[in-house]
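Colleague: One structure follows; several queries about it will come next.
Residue numbers (this note's numbering): 3 to 147.
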């Protein structure tokens with residue numbers, strides 16, 4: 003399959019799963035796609051930036067927090083252009099890191115409208131980006147409900 007135009011190449015991104023005292027760090031997206039939905043902090047990898055450096059930068063920009071990352075990504079997520087959950091038909095490849103917060107309280111910044119640590123029992127009550135709640139439960143071993 004060949005395509006041309008602004009979305010003809012995959013977009014490389016990162017997200018960071020930060021757990022603290024049985025809660026997980028989420029941000030409420032302030033911009034499309036998925037404006038108003040809660041997700042893991044993250045964003046695009048910049049030219050010549052390592053995946054780990056991008057994850058730490060995005061975490062700091064969106065939440066004001068730093069974290070110790072667990073090394074390599076714990077999961078790679080690929081979202082293809084034909085995925086009906088993604089408006090605009092973009093192709094995303096996202097490296098998901100896991101880390102531990104180095105203290106402090108989250109504060110929304112950059113393209114996050116809100117940032118907060120959330121208890122597992124509240125995940126179902128939040129409007130979240132597709133697949134995020136299931137990913138969190140799977141990676142942290144949380145049971146549903």
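The C-beta atom is built at its ideal place from N, Cα and C for all residues, glycine as well.
For residue 25, which of 80, 123, 72, 11 has the nearest alpha-carbon?
Modeller: The residue given as residue 25 occupies position 23 in the chain shown. Nearest C-alpha to residue 25: 123.
Colleague: For the region 42–76, which segments carrying the alpha helix (DSSP H) assignment without a break, of at least 4 residues, lie completely within its bounds, in sequence order?
Modeller: The region 42–76 contains these whole alpha helix (DSSP H) runs: 53–65.
Colleague: How far does the alpha helix (DSSP H) with residue 13 in it reach, from first residue to last?
Modeller: What you label residue 13 is simply residue 11 of the chain shown in a count that begins at 1. From DSSP, residue 13 is part of no alpha helix (DSSP H) but of the beta strand (DSSP E) over 13–22.
Colleague: Could you check what DSSP says for residue 97 in three-state terms: helix, strand or coil?
Modeller: As a first step, residue 97 must be located in the chain shown, where it is residue number 95. If DSSP states are grouped into helix, strand and coil, residue 97 belongs with the strands.
Colleague: Within the region 96–144, note down every full alpha helix (DSSP H) run reaching 4 residues or more, in order along the chain.
Modeller: Runs of the alpha helix (DSSP H) inside the region 96–144: 134–142.
Colleague: For the structure I just gave you, are there three or more beta carbon pairs, one from the region 31–48 and one from the region 71–86, closer than 8 Å?
Modeller: They do not touch, by the three-pair rule.
Colleague: Can you tell me whether residue 30 is helix, strand or coil according to DSSP?
Modeller: Here residue 30 is taken as the residue at index 28 of the chain shown, counted from 1. Strand.
Colleague: Quick one, which of 44, 10, 141 has its alpha-carbon nearest residue 77's?
Modeller: The residue you call residue 77 lines up with position 75 of the chain shown. Ranking 44, 10, 141 by Cα distance to residue 77 puts 141 first.
Colleague: For residue 134, is the classification buried or exposed, using 16 other Cβ atoms within 10 angstroms of its Cβ as the cut-off for buried?
Modeller: Mapped onto the chain shown, residue 134 falls at position 132. Buried, by the Cβ-count rule.
Colleague: Exposed or buried, which one is residue 3 when buried takes at least 16 other CB atoms within 10 Å?
Modeller: As a first step, residue 3 is located in the chain shown; it is residue number 1 there, counting from the start. Reliability fails at residue 3, whose pLDDT of 48 lies under 50, so the model's placement of it is uncertain and the value that follows must be treated cautiously. Exposed is the call here.
Colleague: Can you say whether residue 109 is buried or exposed, counting buried as having 16 or more other CB atoms within 10 angstroms of its CB?
Modeller: Here residue 109 is taken as the residue at index 107 of the chain shown, counted from 1. So residue 109 ends up on the exposed side.
Colleague: Can you list, in chain order, the residues of its chain with a C-beta nearer than 7 Å to that of residue 63? Leave out the 5 residues immediately preceding and following it.
Modeller: For this step, residue 63 is matched to residue 61 along the chain shown. 111, 112.
Colleague: Which term fits residue 11, buried or exposed, when burial requires 16 or more other beta carbons within 10 angstroms of its beta carbon?
Modeller: The residue you call residue 11 lines up with position 9 of the chain shown. Exposed.
Colleague: Assign residue 20 to buried or exposed, taking buried as 16 or more other Cβ atoms, counted over all protein chains shown, within 10 Å of its Cβ.
Modeller: Position 18 of the chain shown holds residue 20. Its Cβ being crowded by 16 or more others within 10 Å, residue 20 is buried.
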